Amino acid sequence: MSAREQLQHTLQLLQQERQADLEQYRQKILLLPLHRKTKEGKCWYPVRLRSHHIGTGERLIVELERTRELDQPHIFGSGKLVSIFCNANGTPEKQSAGGVINYVRDNMMTVTLHADELPDWIEEGLLGVDLMFDETSYREMEFAMKAIIKAEDNRSAVLREILLGEEKPQFNVTKLDLSASPLNDSQKTALQKMVQAQDVGIIHGPPGTGKTTTLVQAIVLAAHEEKQVLVTAPSNAAVDLLADKLSDQGLRVLRIGHPARVTEQSLSKTLDARIAQHRDYSELRSLRKRIEQLRDMAFKYKRKYGWAEKEQRRMLLEEAKVAKADADVLEFYIVNDLLQNSDVITCTLVGASHPLLKGKRWKTVFIDEAAQALEPACWIAIQKAERVIFAGDHQQLPPTIKSAEAARQGLATTLMEKCIAQKNHAAAMLGIQYRMHEAIMNFSSQYFYQGQLHAHESVRSHHLPGQPPVLFVDTAGCGFAEWQDPETLSRNNKEEGRLLLKMIENLIEQVGIDVWLDKCYTLGIITPYSAQVEFLRQEAENSPTLGAIAHLATINTVDAFQGQERDAIAVSFVRSNDTGEVGFLADIRRTNVAMTRARKKLILVGDSATLGAHPFYLELINHMQQQGNYKSAFELS
Numbered sequence: 000m001s002a003r004e005q006l007q008h009t010l011q012l013l014q015q016e017r018q019a020d021l022e023q024y025r026q027k028i029l030l031l032p033l034h035r036k037t038k039e040g041k042c043w044y045p046v047r048l049r050s051h052h053i054g055t056g057e058r059l060i061v062e063l064e065r066t067r068e069l070d071q072p073h074i075f076g077s078g079k080l081v082s083i084f085c086n087a088n089g090t091p092e093k094q095s096a097g098g099v100i101n102y103v104r105d106n107m108m109t110v111t112l113h114a115d116e117l118p119d120w121i122e123e124g125l126l127g128v129d130l131m132f133d134e135t136s137y138r139e140m141e142f143a144m145k146a147i148i149k150a151e152d153n154r155s156a157v158l159r160e161i162l163l164g165e166e167k168p169q170f171n172v173t174k175l176d177l178s179a180s181p182l183n184d185s186q187k188t189a190l191q192k193m194v195q196a197q198d199v200g201i202i203h204g205p206p207g208t209g210k211t212t213t214l215v216q217a218i219v220l221a222a223h224e225e226k227q228v229l230v231t232a233p234s235n236a237a238v239d240l241l242a243d244k245l246s247d248q249g250l251r252v253l254r255i256g257h258p259a260r261v262t263e264q265s266l267s268k269t270l271d272a273r274i275a276q277h278r279d280y281s282e283l284r285s286l287r288k289r290i291e292q293l294r295d296m297a298f299k300y301k302r303k304y305g306w307a308e309k310e311q312r313r314m315l316l317e318e319a320k321v322a323k324a325d326a327d328v329l330e331f332y333i334v335n336d337l338l339q340n341s342d343v344i345t346c347t348l349v350g351a352s353h354p355l356l357k358g359k360r361w362k363t364v365f366i367d368e369a370a371q372a373l374e375p376a377c378w379i380a381i382q383k384a385e386r387v388i389f390a391g392d393h394q395q396l397p398p399t400i401k402s403a404e405a406a407r408q409g410l411a412t413t414l415m416e417k418c419i420a421q422k423n424h425a426a427a428m429l430g431i432q433y434r435m436h437e438a439i440m441n442f443s444s445q446y447f448y449q450g451q452l453h454a455h456e457s458v459r460s461h462h463l464p465g466q467p468p469v470l471f472v473d474t475a476g477c478g479f480a481e482w483q484d485p486e487t488l489s490r491n492n493k494e495e496g497r498l499l500l501k502m503i504e505n506l507i508e509q510v511g512i513d514v515w516l517d518k519c520y521t522l523g524i525i526t527p528y529s530a531q532v533e534f535l536r537q538e539a540e541n542s543p544t545l546g547a548i549a550h551l552a553t554i555n556t557v558d559a560f561q562g563q564e565r566d567a568i569a570v571s572f573v574r575s576n577d578t579g580e581v582g583f584l585a586d587i588r589r590t591n592v593a594m595t596r597a598r599k600k601l602i603l604v605g606d607s608a609t610l611g612a613h614p615f616y617l618e619l620i621n622h623m624q625q626q627g628n629y630k631s632a633f634e635l636s
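First residue of the sequence shown? That's 0 in numbering that gives the first Met the number 0, and the numbers climb one at a time after it.
Listed below in structure tokens is the structure:
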């Protein structure tokens, strides 16, 4: 297919994904009765208004408290779109206000409202919070895709042809003097390639190789050379991390995005906060206060007033209108002053469609976490670029896709993957990792990275005291059976879970609880299935040994551990059946993520009779046997 045909196909898949996402929202949230939504943690009801105040950027923030089902798990989290509704009159759809969650802690939730003042009905009681469907992201991705498809005789058209394989990227021969740089050789090579790339460059950063460090240096170089760059990522967390690290490098960073979606550390870099810090803000605030006073005075004339009162009201409103025009001009000046005097503009990929960035272009646009970014989202930022630099690892977690059919037809394949597959010399892989013991790293290096990943001397042999770094425990023949929850369709394997926790208890006791606490060794227990996560958490609560190190331990899914690391990692694969079905374990990149979170100790527990039906797991088990890192569960009893 031509580049345009590829994009047209991807656009159709995006529309398919939108429908699947909307249908899931309808079935799992919109169409459920209130009592069931509340029971399943998809709605908070009832809640009470605890307080409200004006926050960053003159935005109205409300604090809500859940008054029932206090320990009920839920799906709410910071950055999500919600609707606060009132059920007092039995018509919640008519009495609602939209907003964005700032944060959720225990039974408290703070929400930034899309309103200038509190709704009248909010004092009537019977309040609730519903999750909303995010239509904006899909709309912006579609706009970008259509614009790129239509692009003709401009830079976007050229990048379209290069990124989708119709044309070859070009490189210059610039040579950097990196003799004094603290970067290692593979990081220097990647940095050199990013400088030489005229169209596209890729920093391929396997786990622990310093991808973010290298990317930050590339951004610093580009910002100094080009005066300003655009830095993006698919997630707010990744954008905030980069914003903080770039600020630490002395760059003036402006974070575009809703303050409710920004971490506390990055709030000072947001547009709203930077406006409040501007030298002319006091004048703007005085104007806004004057406008408010004039409107209050005007609207005190509500009924039964004569010609004089009517004329007075007209004059006050006219004066408020003039003051607002002055305020708008001043705010426009402040915003543009901030935009022009920032070295780096940071935002999410969808955030690159912000009205403030409309019509703006940059010589270089950086996309971090590119291996987790939907291709349509990347085009939002790329249409503002002269060249694009991707950073990520396509051998780790892919984008989250709701439509299995859209994923199968290619939506799960990222733009970064497509560029690497072209073998056009745009990619530079970082080859030295600073996280794992060599034995933990070896299988991933061989299987995913063509043996090009090597352990730095500082981590090559570090391990927990008296412990071998890797162990695979085979539960085949033990009669451990997986079980599927009929409602959630998630799976658990209780016997395997108990064995895993017993092994961890033994590990902690062998190292010594006092030593573990003194050295602050961290522990991660990872499993692909949420049902197994819940089971392991419940069981762990009854363990005195695990309770002693609870503040150092985390139990969660693979996805939740992306980008993190722990001293010890234990993985429960769960699947154990007579048919060799491995389900979504077949996405082997998840297992790569799970295994490469460990620094000093990796424990894998699974049923070889089931896992071995898949060629990847068969090779993993064979590798463990060859390295002497394999035991049957029977050997542990």
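In this text, a Cβ means the ideal position worked out from N, Cα and C, and glycines have one as well.
Predicted model, so just to flag it, every value in this text is computed and none were measured.
CA-CA distance, HIS257 and TYR528?
Here residue 257 refers to the residue found at position 258 of the sequence shown. Here residue 528 refers to the residue found at position 529 of the sequence shown. Rounded to the nearest angstrom, the two C-alpha atoms are 32 angstroms apart.
In the DSSP assignment, find the unbroken beta strand (DSSP E) run with TRP43 in it and report its ends.
Sequence index remark: in the sequence shown, residue 43 carries index 44 (1-based). TRP43 -> beta strand (DSSP E) spans 42-53.
Taking its Cβ as the centre, do 16 or more other Cβ atoms sit within 10 Å of ASN153, making it buried, or is it exposed?
Here residue 153 refers to the residue found at position 154 when the sequence shown is read from its first residue. Counting Cβ neighbours within 10 Å, ASN153 comes out exposed, since fewer than 16 surround it.
Report the three-state DSSP secondary structure of CYS346 (helix, strand or coil).
Against the sequence shown, residue 346 aligns to sequence position 347. Note: CYS346 maps to strand in three-state DSSP.
Measure the alpha-carbon distance for TYR24 versus LYS41 and round it to whole angstroms.
Translated into the one-based positions of the sequence shown, residue 24 becomes position 25. Translated into the one-based positions of the sequence shown, residue 41 becomes position 42. Approximately 10 angstroms between the Cα atoms of the pair.
So the candidates are VAL230, GLN449 and GLN509; which of them puts its Cα closest to the Cα of PRO467?
In the sequence shown, residue 467 corresponds to position 468, counting from 1. Comparing Cα positions, the closest option is GLN509.
What's the C-alpha gap between LYS493 and GLU481?
Numbered from 1 along the sequence shown, position 494 holds the residue referred to as residue 493. Numbered from 1 along the sequence shown, position 482 holds the residue referred to as residue 481. C-alpha separation (whole angstroms): 8 angstroms.
What residues match up with LEU63 in a beta bridge as DSSP calls it?
Residue 63 sits at position 64 when you count from the first residue of the sequence shown. Its beta-bridge partners are LEU48 and MET108.
So what does DSSP say about SER352, is it helix, strand or coil?
Along the sequence shown, read from residue 1 onward, the residue named residue 352 stands at position 353. Three-state DSSP puts SER352 in a helix.
By the three-class DSSP mapping on this structure, what secondary structure does THR399 have?
For this step, residue 399 is matched to residue 400 along the sequence shown. It is coil, neither helix nor strand.
For the alpha helix (DSSP H) containing ALA585, name the first residue and the last one.
Numbered from 1 along the sequence shown, position 586 holds the residue referred to as residue 585. Taken as a continuous stretch (DSSP letters only), ALA585 belongs to no alpha helix (DSSP H), as it is neither H nor E.
Alpha carbon to alpha carbon, what distance is there between VAL238 and VAL321?
As a first step, residue 321 is located in the sequence shown; it is residue number 322 there, counting from the start. As a first step, residue 238 is located in the sequence shown; it is residue number 239 there, counting from the start. Cα to Cα, the separation comes out at about 39 angstroms.
Do the segment 325-336 and the segment 285-295 make contact, defined as three or more Cβ pairs closer than 8 angstroms?
Output reads yes: the segment 285-295 touches the segment 325-336.
Among ARG159, ARG58 and GLU22, which has the Cα closest to the Cα of MET131?
Sequence index remark: in the sequence shown, residue 131 carries index 132 (1-based). When each option's Cα is compared against that of MET131, the closest is GLU22.
Bridge partners for ALA567 per DSSP, in chain order?
Position 568 of the sequence shown, counted from the start, is the residue given in the question as residue 567. Bridge partners of ALA567: LEU522 and LYS600.
Can you name the residues that DSSP bridges to SER82?
Within the sequence shown, residue 82 is the residue found at index 83, counting from 1. Answer by DSSP bridge pairing, in chain order: GLY97 and ASP129.
Let me check understanding here. Comparing Cα to Cα, which of ALA567, VAL215, ALA217 and LYS167 lies closest to ALA2?
Here residue 2 corresponds to residue number 3 of the sequence shown, with the count starting at 1. Of the listed residues, the one whose Cα sits closest to ALA2 is LYS167.
Using a Cβ-Cβ cut-off of 8 angstroms (strictly less than) and excluding sequence neighbours within five positions of GLU317, which residues of its own chain qualify?
Position 318 of the sequence shown, counted from the start, is the residue given in the question as residue 317. Once the five neighbours on either side are set aside, GLU317 has no close Cβ partner at all.
Evaluate CYS346 with the Cβ neighbour count: other Cβ atoms within 10 Å of its Cβ, from every protein chain shown; 16 or more gives buried, anything less gives exposed.
In the sequence shown, counting from the first residue as 1, residue 346 sits at position 347. The residue in question, CYS346, is buried, as its Cβ has 16 or more Cβ neighbours within 10 Å.
Could you name the residues that DSSP lists as bridge partners for ALA549?
Counting from one through the sequence shown, the residue named residue 549 turns up at place 550. Answer is none; ALA549 lacks a bridge partner.
Return the residue from the list PHE84, GLN561 and LEU80 that minimises the CA-CA distance to ALA96.
Within the sequence shown, numbered from 1, the residue matching residue 96 stands at position 97. Selected option, being the one with the closest Cα: PHE84.
Given a threshold of 16 other Cβ atoms within 10 Å of its Cβ, counted over all protein chains shown, does LEU617 qualify as buried or as exposed?
The residue given as residue 617 occupies position 618 in the sequence shown. Exposed, because fewer than 16 other Cβ atoms sit within 10 Å of the Cβ of LEU617.
Whole angstroms are fine: how far does the CA of HIS613 sit from the CA of ASP586?
Sequence index remark: in the sequence shown, residue 586 carries index 587 (1-based). Sequence index remark: in the sequence shown, residue 613 carries index 614 (1-based). Approximately 11 angstroms between the Cα atoms of the pair.
Using CA atoms only, rank isn't needed, just tell me which of GLN382, PRO464, VAL573 and THR474 is closest to ILE507.
The residue labelled residue 507 in the question sits at position 508 within the sequence shown. Nearest C-alpha to ILE507: PRO464.
Using a 10 Å radius around the Cβ and a threshold of 16 neighbouring Cβ atoms, would you call GLY200 buried or exposed?
Counting from one through the sequence shown, the residue named residue 200 turns up at place 201. Buried, since its Cβ has 16 or more Cβ neighbours within 10 Å.
Indicate the three-state DSSP secondary structure (helix, strand or coil) for PHE697 in the structure shown.
For residue 697 there is no data in the structure shown, the boundaries of the chain being 0 and 636.
Answer yes or no: do ALA549 and SER489 have a C-beta to C-beta separation smaller than 8 angstroms?
Against the sequence shown, residue 549 aligns to sequence position 550. Against the sequence shown, residue 489 aligns to sequence position 490. No, the Cβ-Cβ distance between ALA549 and SER489 is not below 8 angstroms.
Mind checking which residues open and close the beta strand (DSSP E) that includes ARG278?
What you label residue 278 is simply residue 279 of the sequence shown in a count that begins at 1. Premise fails: ARG278 is in no beta strand (DSSP E) and is neither H nor E.
Whole-angstrom Cβ separation of GLN563 and ARG589, contact assumed at under 8 angstroms?
As a position in the sequence shown, residue 563 is number 564, starting the count at 1. As a position in the sequence shown, residue 589 is number 590, starting the count at 1. 14 angstroms between Cβ atoms; not a contact.
Helix, strand or coil: how does DSSP classify ALA612 here?
As a working note, residue 612 is residue 613 in the sequence shown. Coil at ALA612, not helix or strand.
Mind checking LEU214: buried by the 16 CB within 10 Å criterion, or exposed?
Locating residue 214 in the sequence shown gives position 215, where the first residue counts as 1. That one is buried.
How many angstroms separate the CA atom of VAL99 from the CA atom of ASP105?
Translated into the one-based positions of the sequence shown, residue 99 becomes position 100. Translated into the one-based positions of the sequence shown, residue 105 becomes position 106. Distance between the alpha carbons of VAL99 and ASP105: 18 angstroms.
Going by alpha carbons, who is nearest to GLY207 out of SER444, THR269 and HIS113?
Residue mapping note: residue 207 aligns to position 208 of the sequence shown, counting from 1. Selected option, being the one with the closest Cα: SER444.
I'd like to know if the segment 219-229 and the segment 426-446 are in contact, where contact means that at least 3 CB-CB pairs between them fall below 8 angstroms.
Too few Cβ pairs lie closer than 8 angstroms, so no.
Do LEU12 and ALA405 have their C-beta atoms closer together than 8 angstroms?
Position 13 of the sequence shown, counting from 1, holds the residue named residue 12. Position 406 of the sequence shown, counting from 1, holds the residue named residue 405. A contact, by the Cβ cut-off of 8 angstroms.
Given that a residue counts as buried once 16 or more other Cβ atoms are within 10 Å of its Cβ, and exposed if not, what is ARG313?
The sequence position of residue 313 within the sequence shown is 314, counting from 1. Under this definition ARG313 is an exposed residue.
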